[in-house]
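>
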Amino acid sequence: MPFGLCNAPSTFERLRETVLRGLPSEACLVYLDDIIIVGKTFEEHLSNIRKVFQRLQKANLKLSPKKFKFSRKEVSYLGHVISFEGVKADSEKNKAVFDWPRPETVHKLRSFLKLCTYYRRFVRNFSTIARLLQELTEAKSNFNWTEDCQKSFNSLKQALTTSPVLPYPRTDEDFILDIDASNEGIGAVLSQKIGNEECVIIYFSKNLDAASAFCKTYSK
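With the sequence shown counted from 1, adding 101 to any position gets you this note's numbering.
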């Protein structure tokens, strides 16, 4: 396939999905030209690698040896680090957040928020922390960076660069859902008790508009 075609990525992904159709997500996942092969044990991992290679060979597809990473205990994938323990934000993305200079325009602030929002599930009360910055991107007046904006900016950086490893949900354990609401927003934490420790699976949060702010708590 020629380089540069606008529909090349989606076409190539459809080809990969067609070739690997029937293999469960517990064996491999496909995103564009990346294939991640997993296994609960080393033997299962080797078996899944063999299955994927057989499918690719049958379809006459070739892989670049330079891009292989075999038998890794953790891999960087779509901006996340995936390991036996769970999922965490990629350290390179954390560094990008930490090193981000103070935004001087709405466009630069939006770029920063887009990067942060991609990792919002790692941050408790993300919407509340980012609320002031989000409002600044929607302001019709001139871009006015205040001391409160700087505090919100620093708090968001701190929260993202110290985000935890989120363990995988276990279907054999009960889930715990904690929910709270205020006049500004709502937040929730989905967790599970693993061993003697309650572990966060994911954080949720959302800002409320003026119409919803004064509803009763259970309605929010």
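Cβ coordinates follow ideal geometry from the N, Cα and C atoms, glycine included.
Any idea if C217 is buried or exposed, counting beta-carbon neighbours within 10 angstroms, 16 or more meaning buried?
buried
> Please report how far the alpha carbon of L133 lies from the alpha carbon of S111, in whole angstroms.
7 Å
> Looking at C-beta atoms only, is the number of pairs between the region 271 to 280 and the region 290 to 297 that lie closer than 8 Å three or more?
yes
> Applying the 10 Å Cβ sphere with the 16-neighbour rule, what's the burial state of C107?
Exposed, by the Cβ-count rule.
> DSSP three-state call for D281: helix, strand or coil?
strand
> Suppose the cutoff is 7 Å on Cβ atoms and the five residues either side in sequence are ignored; what does the same chain contact list for K152 look like?
L124 and A128
> Is there contact here, the region 178 to 191 with the region 205 to 225, by at least three beta-carbon pairs under 8 Å?
yes
> Can you tell me whether P204 is buried or exposed, with buried defined as 16 or more other CB within 10 angstroms of its CB?
buried
> Who does Y267 pair with in a DSSP beta bridge?
Note that residue 267 corresponds to Leu in the displayed sequence, not to Tyr. V188.
> Within the continuous beta strand (DSSP E) that includes L130, where are the two ends?
C129 to Y132
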